[in-house]
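**Student:**
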Amino acid sequence: MAKRALKAKKEKPQWKQILQKHPPVPESVIPLLQAFQERYGYIPPEAVRAVARYTRTPLSQVYGVATFYAQFRLRPRGKHLIRLCQGTACHVLGADAILNHLKERLGVEEGETTPDGLFTLEVVRCLGCCSLAPVMMVDEETYGRLTPRAVDKVLAEYRKGKT
Amino acid sequence: MRIARAHVLVGVDEEARLAGVDRVLSAFREAIRNAGLEGEVQVVETGTLGVSGRGVVLVVYPEGVYYAGVTPEDVPVIVEEHLLKGRPVERLRLPAAVPQTEPRQVLGRQVRVVLRNCGVIDPEEIEEYIAAGGYEALGKALTEMSPDEVIEEIKRSGLRGRGGAGFPTGVKWEAVRRASGQEKYVICNADEGEPGTFKDRLILEGDPHKLIEGMIIAGYAVGARKGYVYIRGEYQLSIARMQKAISQAREYGLLGDDILGSGFSFDLEVRPGAGAYVCGEETSLIESLEGKRGWPRIRPPYPVTCGLWGKPTVVNNVETLANVPEILRQGADWYRTLGTPTCPGTKVYTLLGHVRYPGLVEVEMGTPLRTLVYELGGGVPEGRTLKAVLVGGAAGAFLSPQDLDVRMDFDSLREMAAALGSGAVLVMDESACIVDMLASVLRFFRHESCGQCTPCRAGTDALVRLIEAVRRGEGDGRTLGLMTEIVETMRLASLCPLGQSVALPVTTALTHFRDEFEAHLAGEPCPRCHKLERALR
Chain A
1 MAKRALKAKK EKPQWKQILQ KHPPVPESVI PLLQAFQERY GYIPPEAVRA VARYTRTPLS
61 QVYGVATFYA QFRLRPRGKH LIRLCQGTAC HVLGADAILN HLKERLGVEE GETTPDGLFT
121 LEVVRCLGCC SLAPVMMVDE ETYGRLTPRA VDKVLAEYRK GKT
Chain B
1 MRIARAHVLV GVDEEARLAG VDRVLSAFRE AIRNAGLEGE VQVVETGTLG VSGRGVVLVV
61 YPEGVYYAGV TPEDVPVIVE EHLLKGRPVE RLRLPAAVPQ TEPRQVLGRQ VRVVLRNCGV
121 IDPEEIEEYI AAGGYEALGK ALTEMSPDEV IEEIKRSGLR GRGGAGFPTG VKWEAVRRAS
181 GQEKYVICNA DEGEPGTFKD RLILEGDPHK LIEGMIIAGY AVGARKGYVY IRGEYQLSIA
241 RMQKAISQAR EYGLLGDDIL GSGFSFDLEV RPGAGAYVCG EETSLIESLE GKRGWPRIRP
301 PYPVTCGLWG KPTVVNNVET LANVPEILRQ GADWYRTLGT PTCPGTKVYT LLGHVRYPGL
361 VEVEMGTPLR TLVYELGGGV PEGRTLKAVL VGGAAGAFLS PQDLDVRMDF DSLREMAAAL
421 GSGAVLVMDE SACIVDMLAS VLRFFRHESC GQCTPCRAGT DALVRLIEAV RRGEGDGRTL
481 GLMTEIVETM RLASLCPLGQ SVALPVTTAL THFRDEFEAH LAGEPCPRCH KLERALR
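Protein sequences appear in the order of chains A and B. This note's numbering applies: residue 1 is where the first sequence begins, and numbers increase by one. This note's numbering applies: residue 1 is where the second sequence begins, and numbers increase by one.
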């Protein structure tokens, strides 16, 4: 145990702090990846290695976990995260058209970030507010009953500096 | 503590949060302060009030007036008109089937066992749970009953797992108790990912202590000292409330060492999931808790003998565990008076789609589907006709209007080759296209297939391509037969219930609505699919 705690010491000080929130065992892999993502908005590749070293788990297995679960992101996120719902209710009300519109306006595909680093576009299965369909969330804000025009208005607000 | 003249109970769940309930709450506090009603009117945050799709819902007592779709701008009006002058604000009132005065009326034919406290107590206050009879069952179990007696009582109650399979809970507990080994675990499966299902979320948000109590009793019965609550990661509010409830229970000596001086020790830990539908399957969930990919294990051995870290483990659904305290408190004989002889008790459903009153309902096992759709759901909207009901979520069965008299319990549904599943009831009127709905279901499965076994990984992809061809009218005479063949292979050869259960929606849709598939294949125009095609372009 002492030896492993020592291992954490070799890491960057701010990472050490994150790592030591959980015991150095394989079952900590998911909570640790979640902690890194919460801190940085994504999991830096070096952090995947740090988690593997700290929990004494093969890097391949940690990488497998980081890519298996929908929550984890291995690339940096833009300033604003757009999550468009593609659940059943949104699908019926034309979420596909909204998705195409967003892709066109932002010039990115699902999971990508705009070159100016302002937006990341993600597609999610269900946001759990089907009554507002079609729905997207920008960061923690929800926008419902979307139309292409409404999307443009929302994007413009954030481009003007809305936080 | 002063006794308030009126109470405003605000339903705080994920949907309400998205609809801006936080702003409504602060508007209330401000308006009440401005009106000088502090101490006279108490604002209480509670769990769901059982009404969906209507934004922020709240109820004002003693009158029991329900308001829906409340915005911060409405709040001063409610305070001014209703709380000061005693005149309910008619334009915001929930219409029709909703209760005017008595809270019982909103419940209608509901029998609330699991949801007894939801929307009634403040889920963030352990005292309110205790005042409602909470932790009584735990006290009784620890001081008056041996673990074997607890198991016997649960077996006698006939409680069956509410996660979908309907396995007798007492039998599962007994198997874990008898399994060899000192270290055992209790896991609550709260990784609710079935589309259209959110009953577990609302139990977690509305009455977290009930689940904790059920888990401690389960731990005592099987001889475990540690339990995990694996909650879907997206359920932020559930996770926060559960964590708060656990620390309150620790403070009260209800979790930790030597609970209530009985010598029994037990503790709980919350583990947020990381976004994988397959982790709702018990062995994938266990893999995930161990820090690995959520890949299902080959069974046997079953978790009751070889679960978490190879130790005997009970995995129970949220709703199952929430039944336990009530069974011990009121007795197995009382529990058997509810439901049917082979499926006693109640079942919680999420009623959604084209019904007038979507929401969360709890009724006795064996209640006909017709009662759910028409009496509790208010039927399809005026002027529309019922076309289909999808029972059990994406992995559920498409039923036709002729099947409405089926009794909703594990055995009756199995007889008609359907399943109770997660308790999602999605109602569709004639505007829905079954081909389109099935396409949406199949895309979901393709996305969520974990990729471990070939029948499921390749099968879900092939099914999506076939159904898309049907939708575009490009399939031929063999397409539907091929789909049936694929799902049968998946049913027989997939490793876990995810792949096995795809057969259910596909075969029921093809059986009950075959003409619709054939019409698409023949190139007949479908307004729904055409609209989508246009939208896609």
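Even for Gly, the Cβ is constructed at its ideal location relative to N, Cα and C. No experiment lies behind these values; they were computed from the predicted model shown.
1) Within this structure, are the beta carbons of A/R145 and A/L132 separated by less than 8 Å?
2) If you measure between the beta carbons of B/A388 and B/L399, is that distance less than 8 Å?
3) Determine the extent of the alpha helix (DSSP H) in which B/N117 is found, giving its start and end residues.
4) Taking B/G499 as the reference, which of B/E382, B/R446, B/G475 has the closest Cα?
5) Determine, for B/S288, whether the minimum Cβ-Cβ distance to residues of chain A falls below 8 Å.
6) Flag B/A274 as yes if its beta-carbon sits less than 8 Å from any beta-carbon of chain A, otherwise no.
7) By Cβ distance below 6 Å, which residues in the same chain neighbour B/T460 in space, the five residues on each side in sequence not counted?
8) Whole angstroms are fine: how far does the CA of B/P296 sit from the CA of B/Y66?
9) Give the list of continuous beta strand (DSSP E) stretches no shorter than 3 residues that lie fully inside the stretch 101–145 of chain A.
10) In the DSSP assignment, the beta strand (DSSP E) including A/I82 goes from what residue to what residue?
11) On the premise that A/V123 lies in contact with A/T114, defined as a C-beta separation below 8 Å, what is that separation, rounded to the nearest angstrom?
12) Helix, strand or coil for B/E344? Go by DSSP, reduced to three states.
13) Does the CB of A/I82 have a neighbour CB from chain E at under 8 Å?
14) Name the residues in the stretch 280–305 of chain B whose C-beta lies less than 9 Å from a C-beta of chain A; which are they?
15) Is the stretch 237–248 of chain B close to the stretch 203–218 of chain B, with three or more CB pairs under 8 Å?
16) Just checking my contact of B/G193 with B/R232 at CB under 8 Å: how many whole Å lie between their CB atoms?
17) Chain A beta carbons: is any one of them nearer than 8 Å to that of B/L49?
18) Cα-Cα, which of B/H82, B/A519, B/L369 is closest to B/L413?
19) Using a beta-carbon distance below 8 Å, is B/V8 in contact with chain A?
20) If I follow the unbroken beta strand (DSSP E) through B/T46, where does it start and stop?
21) Quick one: list the residues of chain B neighbouring A/E109, beta-carbon separation under 7 Å, in chain order.
22) B/P195 CB to nearest chain A CB: under 8 Å?
23) Counting only beta-carbon atoms, is A/F36 nearer than 8 Å to chain B?
24) Once the 5 residues before and after B/E15 are set aside, which same chain residues still bring their CB inside 7 Å of it?
25) Give the list of continuous alpha helix (DSSP H) stretches no shorter than 4 residues that lie fully inside the stretch 201–279 of chain B.
26) With 9 Å as the C-beta to C-beta threshold (strictly closer), list the residues of the stretch 207–234 of chain B near chain A in chain order.
27) List, in order along the chain, the chain B residues whose C-beta lies closer than 9 Å to that of A/Q61?
28) Exposed or buried, which one is B/E281 when buried takes at least 16 other CB atoms within 10 Å?
29) For B/I298, count neighbouring Cβ atoms within 10 angstroms of its own Cβ and tell me buried if that reaches 16, exposed if not.
30) Enumerate, from N- to C-terminal direction, the unbroken alpha helix (DSSP H) stretches of 4 or more residues contained entirely within the stretch 449–489 of chain B.
31) At the 8 Å Cβ level, is B/L18 part of the contact set with chain A, yes or no?
32) For A/V51, I'd like the list of residues in its chain whose CB is within less than 7 Å of its CB, leaving aside the five on either flank, ordered along the chain.
33) Hey, would you say B/R491 sits closer than 8 Å to B/A503, going by beta carbons?
34) Classify B/G219 as buried or exposed, calling it buried when 16 or more other Cβ atoms lie within 10 Å of its own Cβ.
**Tutor:** Let me spell this out:
1) Yes, the pair counts as a contact, with Cβ atoms nearer than the cut-off.
2) Yes.
3) Premise fails: B/N117 is in no alpha helix (DSSP H) and is neither H nor E.
4) B/R446
5) It does: the Cβ of B/S288 has a partner Cβ on chain A nearer than 8 Å.
6) It does; some Cβ of chain A falls within 8 Å.
7) Hits under 6 Å: F445, R446, S449.
8) 45 Å
9) 119–124, 136–138, 141–143
10) 80–85
11) At roughly 16 Å, the Cβ-Cβ gap does not stay under 8 Å, so A/T114 and A/V123 are not in contact.
12) A small correction: the amino acid at residue 344 of chain B is Pro; Glu does not occupy that position in the sequence shown. Here B/P344 sits in strand by DSSP.
13) Annotation note: the requested chain E is absent from the structure, which comprises protein chains A and B.
14) S288, L289, E290, G291, K292, R293, G294, W295
15) yes
16) 6 Å
17) Taking 8 Å as the threshold, the shortest C-beta distance from B/L49 to chain A does not fall below it.
18) Per the Cα distances, B/L369.
19) no
20) 41–46
21) Neighbourhood of A/E109 in chain B, by CB distance below 7 Å: empty, with the nearest CB roughly 16 Å away.
22) yes
23) Among the CB atoms of chain B, none fall inside 8 Å of the CB of A/F36.
24) S52
25) Whole alpha helix (DSSP H) segments, 4+ residues: 208–222, 236–251.
26) G233, E234
27) G291, K292, R293
28) buried
29) Residue environment for B/I298: exposed (fewer than 16 other C-beta atoms within 10 angstroms of its C-beta).
30) 454–471
31) Output row for B/L18: interface = yes.
32) V29, L32, L33, V62
33) Note that the C-beta distance between B/R491 and B/A503 is below 8 Å.
34) buried
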